[in-house]
Amino acid sequence: MQAIKTLGRRLDAIFDLVESRQQHKTYDAIWDCGCDHGYLGQKILAAELCETLYFIDQVPHIIKQLASRLRGYPGDHYRTIATDAGLIEFPPNKRHLVILAGIGGERIIEILRNIARNTVNEQIDYLLCPSTGHYELREYLSTTAFCLHHESIVSEKGRDYEIILINAIPTTDSKNRVSLTGKMWDKGNANHHR
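Counted from 1, the sequence shown has number 43 at position 42 by this note's numbering; the numbering is strictly sequential.
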């Protein structure tokens, strides 16, 4: 088993949120989509935060390289799959967390639409951290009535990233809806004016 790479502030913030949710065993399966090098998923796997961790990337050679790095972990605790994240087939009767981080908001919207079209399982939460297209993503989420559980900002290497945790079960309560701008921005924080 290889040593786990130190994560940057953005991936650390995502990991911390997953870890805090898993204190109550919220999810049976976690899906690290667009996993690239798999550092976030590997840390989740090493911390044994779920029954099964799925590493998803549509680039086959990335998945092949990742699979060889994961050989030291028990094979029944993870799966590596080369596919489009929008085509995920979710095992039934499980609580799922789908992590979509490091990809653009437009692509996240496409994945969310495809998952909604291809599944009737409402036990899915999404942890989103778009690299671009924040407003377009928020606009889509606000019109589709996703239920907001958490939103925060993390700064890394001079960039601000939004972290948004939502549930696929629609809500009509405006307090639990995703807004166009987010409630986590602080006018008094100079970092939020960059």
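Virtual Cβ for every residue (Gly too), placed ideally from N, Cα, C.
- In this structure, residue 9 lies away from residue 101, with their beta-carbon atoms at least 9 Å apart.
- Beta-bridge analysis with DSSP links residue 148 to 168 and 178.
- Counting other Cβ atoms within 10 Å of its Cβ, residue 144 stays below 16 and is therefore classed as exposed.
- Within 10 angstroms of the beta-carbon of residue 173 lie fewer than 16 other beta-carbons, which makes it exposed.
- Distance from the CA of residue 181 to the CA of residue 142, rounded to the nearest whole angstrom, comes to 9 Å.
- By the neighbour-count criterion, in which 16 or more other beta carbons inside 10 Å mark a residue as buried, residue 62 falls on the exposed side.
- In its chain, beyond the 5 residues on either side, 145, 146, 147 and 148 have a beta carbon closer than 8 Å to the beta carbon of residue 171.
- Residue pairing from DSSP places residue 56 in a beta bridge opposite 33 and 81.
- Between the stretch 82-90 and the stretch 46-62 there are three or more inter-stretch CB-CB distances shorter than 8 Å, so the stretches are counted as touching.
- In this model, residue 15 and residue 128 are separated by some 8 Å (Cα to Cα).
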